[in-house]
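Shown next, in structure tokens, is the structure this report addresses.
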């Protein structure tokens with residue numbers, strides 16, 4: 003029964019809730035503390051492999067980056083689902099989108115929108131978070147984007 | 003009556019509380035959850051336009067960067083003012099300053115001081131936050147600096 | 003009596019709890035709010051000086067970076083110790099590791115493991131946090147790595 007509403011919303015987009023990737027080191031995908039859950043930074047992995055690698059603005063187009071940020075957001079949901087019922091999320095409080103930016107690529111918000119728009123679809127207005135978008139020099143596994151989140155539970 | 007004390011402190015510096023910029027995507031400038039408020043990353047925009055663009059250490063001097071970080075901090079206050087009375091802030095808990103750093107420019111703390119010192123002036127000792135300063139590869143709109151905050155309310 | 007358990011765990015590794023470095027600007031090493039503590043980003047300083055400077059992947063090897071991340075984690079503990087008894091930490095909630103990455107160096111998680119593994123040793127399973135690892139363009143003082151944390155207290 004868990005995550006029923008969120009799964010139905012994902013199905014409207016033809017998406018499924020993925021299984022959270024096992025962390026490869028001494029950390030966890032998500033930590034619940036009282037009513038807040040903090041997630042680890044999530045990469046655009048599908049079945050354990052990065053969908054596409056490289057820098058947004060050269061190797062990866064902004065539109066591809068946006069699609070990859072949506073995959074990061076799905077993995078945020080997968081991470082959250084390990085420690086709470088997704089249907090208990092009352093607010094996505096904060097997201098940070100780290101974009102592996104090619105020199106001179108400043109269209110970072112467009113990329114991170116891929117994550118924000120998924121949260122908006124899934125959670126409705128409660129999916130609108132405070133957000134920071136930054137362009138970083140490198141990301142793990144040469145991923146084009148990484149998204150982390152803080153959410154509040156009922 | 004709202005924000006009276008903060009507005010008076012800003013006036014001492016010849017500054018006014020700006021109107022928060024409308025977000026251009028599926029996010030919000032600030033989210034209040036219980037007694038904490040998380041802000042979106044704020045750019046040095048004045049009336050919707052970035053005051054000066056480029057990298058600190060080449061296009062922008064450290065002193066200009068510091069002044070721009072102060073504008074980011076004003077925009078943090080504007081974002082907060084949408085969801086709480088600024089006079090109810092009892093502690094600036096955390097700030098992160100992302101500096102669009104030219105290669106080899108490591109004087110990041112000097113830049114971010116522009117934000118920290120504004121919070122110190124406005125909130126007194128409660129304005130001293132835990133802080134991280136990092137140099138990033140790119141920022142939205144080629145902004146030289148971006149500041150995000152977490153504050154606690156009474 | 004404060005920090006007795008943590009100090010004993012550090013001693014097992016031949017390590018001592020350092021004294022927190024005084025902040026050089028208008029911020030604080032750690033802020034306690036209710037049951038959460040947020041730390042400032044901590045650099046790999048020993049007695050006030052960075053142990054080794056430069057970019058991981060060129061100036062600094064990944065293994066050296068990992069050792070430096072352990073020093074950052076020690077400094078996180080020092081920062082926390084200013085505002086709480088370390089033995090009251092019930093969970094390391096979130097850590098972010100910012101790695102000063104040479105172009106093309108994507109082995110960021112290996113570096114940040116130096117911090118995660120120290121927390122795991124010191125706090126046991128409560129030391130496993132949600133974690134983000136990102137490669138940044140520059141860090142203060144040309145430090146190879148910077149680590150910030152959020153912890154929960156009993």
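Chains as they are written, first to last, in my numbering: chain A, 3 to 156; chain B, 3 to 156; chain C, 3 to 156.
Ideal Cβ positions, reconstructed from N, Cα and C, are used throughout, including at glycine.
Mind reading off the beta-carbon distance from residue 100(C) to residue 147(C)? Whole number of angstroms is fine, and I expect it under 8 Å. The Cβ separation is near 7 Å, so the contact holds.
Chain C contact for residue 41(A) (CB, 7 Å cutoff): Interface criterion met: the Cβ of residue 41(A) is under 7 Å from a Cβ in chain C.
With distances taken between CB atoms, is the gap from residue 120(A) to residue 154(A) smaller than 7 Å? Result no, Cβ atoms of residue 120(A) and residue 154(A) do not sit closer than 7 Å.
I'd like the span of the beta strand (DSSP E) that includes residue 100(A), first residue to last. Looking at the DSSP string, the run of the beta strand (DSSP E) that includes residue 100(A) is 91-102.
Pull up the DSSP beta-bridge partners for residue 137(C), would you. Answer by DSSP bridge pairing, in chain order: 140(A), 101(C).
Sequence-distant residues of its chain with Cβ nearer than 7 Å to residue 112(C) (five each side left out): Correct list, in chain order: 64, 68.
In chain B, what lies closer than 7 Å to residue 35(C) by C-beta? Here the neighbours are 93, 95, 154.
For the region 101-122 of chain B, which residues have a CB atom closer than 7 Å to at least one CB atom of chain C, in sequence order? Across the region 101-122 of chain B, CB contacts with chain C closer than 7 Å involve 103, 107, 108, 110, 111, 115, 118, 119, 122, in sequence order along the chain.
Do the region 78-86 of chain A and the region 15-34 of chain A meet, that is, are 3 or more Cβ pairs less than 8 Å apart? Taking a contact to require three or more Cβ pairs closer than 8 Å, the region 78-86 of chain A and the region 15-34 of chain A qualify as touching.
Who are residue 34(C)'s beta bridge partners in DSSP? Bridge partners of residue 34(C): 39(C).
Per DSSP, which residues does residue 47(C) bridge with? Please list them. Paired residues: 52(C).
Quick one: does residue 132(C) have its CB under 7 Å from some CB of chain B? No, no contact with chain B.
Out of 92(A), 143(A), 95(A), which has the shortest C-alpha to C-alpha gap to residue 50(A)? Looking at the Cα atoms, 143(A) is the closest of the given residues.
Of the listed residues 104(C), 23(C), 41(C), 94(C), nearest to residue 62(C) (C-alpha basis): With distances taken between Cα atoms, residue 62(C) lies closest to 104(C).
Once the 5 residues before and after residue 11(B) are set aside, which same chain residues still bring their CB inside 7 Å of it? Excluding five sequence positions before and after residue 11(B), the CB atoms of its chain that fall closer than 7 Å to its own CB belong to 123, 124, given in chain order.
Which residues, in chain order, does the region 139-150 of chain C contribute to contact with chain B at a C-beta distance below 7 Å? Cβ contacts with chain B come from 139, 140, 141, 142, 143, 144, 148, 150.
Check for me: the beta strand (DSSP E) holding residue 154(A) runs from which residue to which? That run of the beta strand (DSSP E) goes 147-155.
Evaluate residue 2(C) with the Cβ neighbour count: other Cβ atoms within 10 Å of its Cβ, from every protein chain shown; 16 or more gives buried, anything less gives exposed. The displayed coordinates of chain C run from 3 to 156. Any statement about residue 2(C) would go beyond what the structure contains.
With 16 other CB atoms within 10 Å as the buried threshold, where does residue 1(A) fall? It is not possible to answer for residue 1(A), since the shown part of chain A is limited to 3 through 156.
Backbone CA spacing between residue 133(C) and residue 129(A) [nearest angstrom]: Near 22 Å, if we compare the C-alpha coordinates of residue 129(A) and residue 133(C).
What are the boundary residues of the alpha helix (DSSP H) that residue 67(A) is part of? Counting along the chain, the alpha helix (DSSP H) containing residue 67(A) begins and ends at 64-83.
Please list, in chain order, the chain A residues whose beta carbon lies closer than 7 Å to that of residue 83(C). Chain order gives no chain A residues near residue 83(C), where near means a beta carbon separation below 7 Å; the closest approach is about 20 Å.
For residue 22(A) and chain C, any beta-carbon pair shorter than 7 Å? So, not an interface residue.
So is residue 137(A) in contact with chain B if we call contact Cβ pairs under 7 Å? Under the Cβ distance rule, residue 137(A) counts among the residues neighbouring chain B, one pair being separated by less than 7 Å.
Limits of the alpha helix (DSSP H) - the one that residue 124(B) falls within: Under the DSSP assignment, residue 124(B) falls in the alpha helix (DSSP H) whose first and last residues are 110-125.
Answer with yes or no whether the minimum CB distance from residue 30(C) to chain B is below 7 Å. Using a CB distance cut-off of 7 Å, residue 30(C) counts as an interface residue toward chain B.
Reference residue 126(A), options 42(B), 23(B), 28(B), closest by Cα: Check the Cα spacing between residue 126(A) and each of 42(B), 23(B), 28(B): the tightest is with 28(B).
Please report the Cβ distance between residue 7(A) and residue 19(A), rounded to the nearest whole angstrom; I am assuming they are in contact, meaning their Cβ atoms lie under 8 Å. Between residue 19(A) and residue 7(A) the Cβ distance is about 11 Å, and since that is not below 8 Å, they are no contact.
Quick one, are the C-beta atoms of residue 5(B) and residue 88(B) less than 7 Å apart? With respect to residue 88(B), residue 5(B) sits close: the two C-beta atoms are nearer than 7 Å.
Grab the span of the alpha helix (DSSP H) containing residue 8(C) for me, first residue to last. Its alpha helix (DSSP H) spans residues 6-14.
Of all Cβ atoms in chain A, is any one closer than 7 Å to the Cβ of residue 75(B)? By this cut-off, residue 75(B) is not an interface position.
DSSP state of residue 131(C) mapped onto helix, strand, coil: Residue state for residue 131(C) is assigned as strand, using DSSP reduced to three classes.
Quick one: what's got a C-beta closer than 7 Å to residue 117(B)'s C-beta in the same chain, skipping five residues either side? Once the five neighbours on either side are set aside, the close Cβ partners of residue 117(B) are 71, 72, 74, 75, 97, 99, 149.
Name the DSSP bridge partner or partners of residue 58(A)? Under DSSP, residue 58(A) shares a beta bridge with 62(A), 103(A).
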